[in-house]
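Participant: Under our numbering, the first residue of the sequence shown carries the number 78, and numbering increases by one thereafter. Each residue gets a CB set at the ideal place from its N, CA and C atoms; glycine is no exception. Computed from a predicted structure; not experimentally measured.
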Amino acid sequence: MDIKDLNPDIIELAKACKSSEELVALATEQGQELTDEQLEVIAGGAWYDCDGHEGNVGGT
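1) Check L83 in the structure and name its three-state DSSP category.
2) State the DSSP-derived secondary structure class of Q107, mapped to helix, strand or coil.
3) Please classify A120 as buried or exposed, where buried requires at least 16 neighbouring CB atoms within 10 angstroms.
4) Look at the Cβ atom of Q107, then the Cβ atom of I88, and state whether they are nearer than 8 Å.
5) Going along the chain, which residues of its own chain have a beta-carbon closer than 6 Å to the beta-carbon of V118, five neighbours each way excluded?
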(Lines of atoms letter the chains of each structure in order from A; the text may use other names.)
(Lines give C-alpha, C1' and ligand atoms only; values in the text may rest on other atoms or scores of the structure.)
Protein backbone atom coordinates (compact mmCIF):
# COMPACT_ATOMS: atom_id res chain seq x y z
CA MET A 78 0.00 0.00 0.00
CA ASP A 79 1.34 3.38 -1.01
CA ILE A 80 -0.18 6.40 0.67
CA LYS A 81 -0.23 8.16 -2.70
CA ASP A 82 -2.80 5.61 -3.86
CA LEU A 83 -5.24 6.35 -1.04
CA ASN A 84 -8.41 8.37 -1.38
CA PRO A 85 -7.83 11.92 -0.03
CA ASP A 86 -10.69 11.42 2.46
CA ILE A 87 -8.90 8.37 3.91
CA ILE A 88 -5.66 10.35 4.17
CA GLU A 89 -7.49 13.03 6.18
CA LEU A 90 -8.96 10.35 8.47
CA ALA A 91 -5.47 8.92 8.98
CA LYS A 92 -4.07 12.33 9.85
CA ALA A 93 -6.81 12.74 12.45
CA CYS A 94 -5.80 9.55 14.28
CA LYS A 95 -4.43 10.33 17.72
CA SER A 96 -2.69 7.03 18.35
CA SER A 97 -1.05 4.18 16.51
CA GLU A 98 -3.94 1.96 17.60
CA GLU A 99 -6.43 4.29 15.91
CA LEU A 100 -4.35 4.28 12.73
CA VAL A 101 -4.12 0.48 12.63
CA ALA A 102 -7.88 0.24 13.31
CA LEU A 103 -8.59 2.66 10.45
CA ALA A 104 -6.42 0.64 8.08
CA THR A 105 -8.21 -2.55 9.13
CA GLU A 106 -11.63 -0.92 8.68
CA GLN A 107 -10.61 0.17 5.19
CA GLY A 108 -9.49 -3.36 4.29
CA GLN A 109 -5.82 -2.44 4.09
CA GLU A 110 -3.23 -5.01 5.09
CA LEU A 111 -0.18 -3.43 6.65
CA THR A 112 3.29 -4.82 6.09
CA ASP A 113 5.65 -5.52 8.98
CA GLU A 114 7.62 -2.42 7.94
CA GLN A 115 4.50 -0.24 8.00
CA LEU A 116 3.53 -1.59 11.42
CA GLU A 117 7.02 -0.81 12.74
CA VAL A 118 6.75 2.78 11.48
CA ILE A 119 3.30 3.16 13.04
CA ALA A 120 4.46 1.64 16.34
CA GLY A 121 7.25 4.22 16.42
CA GLY A 122 4.71 7.01 16.01
CA ALA A 123 5.88 8.02 12.54
CA TRP A 124 3.97 8.39 9.31
CA TYR A 125 4.80 9.66 5.87
CA ASP A 126 2.68 12.24 4.12
CA CYS A 127 1.72 12.18 0.46
CA ASP A 128 5.03 13.77 -0.49
CA GLY A 129 7.06 11.23 1.48
CA HIS A 130 7.86 13.63 4.31
CA GLU A 131 8.15 12.03 7.69
CA GLY A 132 5.92 13.24 10.50
CA ASN A 133 4.25 11.71 13.52
CA VAL A 134 0.79 10.46 14.35
CA GLY A 135 -0.07 13.83 15.84
CA GLY A 136 0.60 15.48 12.48
CA THR A 137 3.82 17.37 13.20
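Facilitator: Taking the structure as given:
1) Translated into positions along the sequence shown, residue 83 becomes position 6. If DSSP states are grouped into helix, strand and coil, L83 belongs with coil.
2) Numbered from 1 along the sequence shown, position 30 holds the residue referred to as residue 107. Correct three-state label for Q107: coil.
3) Looking up residue 120 in the sequence shown gives position 43. By the neighbour-count rule (16 or more Cβ atoms within 10 Å), A120 is not buried but exposed.
4) Counting from 1 along the sequence shown, the entry for residue 107 is found at position 30. Counting from 1 along the sequence shown, the entry for residue 88 is found at position 11. The answer is no: Cβ separation not under 8 Å.
5) In the sequence shown, the residue the question calls residue 118 occupies position 41. No residues qualify anywhere along the chain.
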